[in-house]
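Novice: Using full-length UniProt numbering, count along the sequence shown one by one with no gaps and you end on 333. A virtual CB, placed ideally from N, CA and C, is assigned to each residue, including glycine. Model, not experiment: these values are computed from the prediction. Quick one: the structure is below, questions incoming.
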Amino acid sequence: MTDFPPLTLETPAEHPFAQFVRILGKGKRGARDLTREEARQAMGMVLDEQVEETQLGAFLMLLRHKEESAEEMAGFTQALRERLQTPALAVDLDWPTYAGKKRHLPWYLLAAKCLGQNGVRIFMHGGGAHTAGRLYTEQLLGLLNIPLCRDWQQVGAALDDGGLAFMPLVDWAPQMQRMIDLRNTLGLRSPIHSLARILNPLGARCGLQSIFHPGYQAVHRDASGLLGDTSIVVKGDGGEIEINPDADSHLYGTRGGVSWDEEWPRLAEQRHVKPQSLDPEHLKAIWRGDVEDSYPQLALIATIALALRGLGLAREQALEQARQYWAARDRSI
Numbered sequence: 001m002t003d004f005p006p007l008t009l010e011t012p013a014e015h016p017f018a019q020f021v022r023i024l025g026k027g028k029r030g031a032r033d034l035t036r037e038e039a040r041q042a043m044g045m046v047l048d049e050q051v052e053e054t055q056l057g058a059f060l061m062l063l064r065h066k067e068e069s070a071e072e073m074a075g076f077t078q079a080l081r082e083r084l085q086t087p088a089l090a091v092d093l094d095w096p097t098y099a100g101k102k103r104h105l106p107w108y109l110l111a112a113k114c115l116g117q118n119g120v121r122i123f124m125h126g127g128g129a130h131t132a133g134r135l136y137t138e139q140l141l142g143l144l145n146i147p148l149c150r151d152w153q154q155v156g157a158a159l160d161d162g163g164l165a166f167m168p169l170v171d172w173a174p175q176m177q178r179m180i181d182l183r184n185t186l187g188l189r190s191p192i193h194s195l196a197r198i199l200n201p202l203g204a205r206c207g208l209q210s211i212f213h214p215g216y217q218a219v220h221r222d223a224s225g226l227l228g229d230t231s232i233v234v235k236g237d238g239g240e241i242e243i244n245p246d247a248d249s250h251l252y253g254t255r256g257g258v259s260w261d262e263e264w265p266r267l268a269e270q271r272h273v274k275p276q277s278l279d280p281e282h283l284k285a286i287w288r289g290d291v292e293d294s295y296p297q298l299a300l301i302a303t304i305a306l307a308l309r310g311l312g313l314a315r316e317q318a319l320e321q322a323r324q325y326w327a328a329r330d331r332s333i
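So, in structure tokens, the structure goes:
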């Protein structure tokens, strides 16, 4: 006698998270953005691991297709901050680094190192190498003598010692790292890549953000504004917080809930030729002053100035201060 599966005679209860998938995926006319409170609740369930794998994949890709709103990003961030247990560490700049570089070396690392030498306290965080052909911060920490911290106590010690600390996302928000790692399973980046840039877990005086894709910069600025944060969003080189001296830059800022915009003209008189290959040892050579190279030197000055702009200096004052910091750096590495 053949055994057949039992019939479903009673309607199963709907999963509590299904409502959020339905809001996003109910067709062209029925779908809508999540409210900030809905976003907070949805991300809270994700972080508390109360969501099925199929739901999580659908949720992330529906958000990706729709494009996340400022209210959604603010709600997601609020959910994470409610669950973080962070110490009261004084931090000037939150510096997310999640994109990796492929056209130019990561000069932003030298900019951050120089700022740290001059008393600017920087918390840097990243999500590891997730795309082939790119150089990531984590791969260069040892080369550049930037402290890798695996807990908050180490972060505090590094900030006190040299003004710069890097801590992997997996050590302070493992659920977020898990979602970032789905990139190669889903085939596309998810909104978590963007969300990581807004989090500012230690409540730094200013959060710097780089968003490469046009249109997203203002959304990120608005999300930070809703959260009451001070931040500057730019289209940085390769998606990292680094000013390209060959291009004009637009700064999207927010402070005290008030948005502001500023245009920074390019520093280079003519466009530089892209290097044929990326040799990390060139980072050390530039830091030590062993070689002269116009592109990185301009990129460094502009990026240091961007950070100082986030801390309240006007552009010209920030550029002049950046030049002084760079000229007076401790060249040992």
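Q226 and E10: beta carbons closer than 8 Å?
Specialist: Gln is not the amino acid found at residue 226; the sequence shown has Leu there. No, these two residues do not count as a Cβ contact at 8 Å.
Novice: Please confirm if the segment 247–267 is in contact with the segment 202–220, defined as three or more CB-CB distances below 8 Å between the two stretches.
Specialist: Touching, yes, given that three or more Cβ pairs across the two stretches are closer than 8 Å.
Novice: Roughly how many angstroms separate the alpha carbons of F76 and I23, rounded to a whole number?
Specialist: Going by the C-alpha atoms only, they are around 16 Å apart.
Novice: For D94, list the residues DSSP reports as bridge partners.
Specialist: F123, G207, per the DSSP bridge assignment.
Novice: Please report the distance separating the alpha-carbon of L267 from that of P296.
Specialist: Cα to Cα, the separation comes out at about 12 Å.
Novice: Roughly how many whole angstroms lie between the Cα atoms of L311 and R178?
Specialist: Spanning the two alpha carbons is a distance of roughly 32 Å.
Novice: If the criterion is Cβ atoms closer than 8 Å, does the pair G128 and G162 meet it?
Specialist: In this structure, G162 does not lie closer than 8 Å to G128 by Cβ.
Novice: Between S259 and D279, what straight-line distance do the alpha-carbon atoms span, to the nearest angstrom?
Specialist: Cα to Cα, S259 sits roughly 39 Å from D279.
Novice: Starting from K101, follow its DSSP beta bridges and name the residues at the other end.
Specialist: Paired residues: L135.
Novice: Tell me whether V46 is buried or exposed, calling it buried when 16 or more other Cβ atoms sit within 10 Å of its Cβ.
Specialist: Answer is buried; the Cβ neighbour count reaches 16.
Novice: Under DSSP, the alpha helix (DSSP H) around P191 begins and ends at which residues?
Specialist: 191–195 is the span of the alpha helix (DSSP H), which, as asked, contains P191.
Novice: Spatial neighbours of L135 within its chain, please: C-beta separation below 8 Å, excluding the five flanking residues on both sides.
Specialist: Around L135: G100, K101, K102, L105, P106, L278, P280.
Novice: If you count every other CB in all the chains shown that lies within 10 Å of the CB of K113, and 16 or more means buried, which is it?
Specialist: Its Cβ being crowded by 16 or more others within 10 Å, K113 is buried.
Novice: Find out if the Cβ-Cβ distance for the pair P306, I198 is shorter than 8 Å.
Specialist: Here the sequence assigns Leu to residue 306, which means Pro is not the residue at that position. Cβ atoms of L306 and I198: not closer than 8 Å.
Novice: Terminal residues of the continuous beta strand (DSSP E) containing L251?
Specialist: Start and end: 249–255.
Novice: Give a yes or no on whether the C-beta atoms belonging to S69 and D33 are separated by under 8 Å.
Specialist: Closer than 8 Å, so yes.
Novice: Is it a yes or a no for the segment 144–153 touching the segment 175–191, going by three-plus beta-carbon pairs under 8 Å?
Specialist: Touching, no.
Novice: Our contact map puts A173 next to A165 with C-beta atoms below 8 Å; I'd like the distance itself, whole angstroms only.
Specialist: Contact flag wrong, Cβ pair sits at about 16 Å.
Novice: Whole angstroms is fine: what's the gap from I122's alpha carbon to D246's?
Specialist: For I122 and D246, the distance between alpha carbons rounds to 26 Å.
Novice: For Y98 and A196, which I take to be in contact (beta-carbon distance under 8 Å), what is that distance rounded to the nearest angstrom?
Specialist: Sure, about 5 Å apart at Cβ, within 8 Å.
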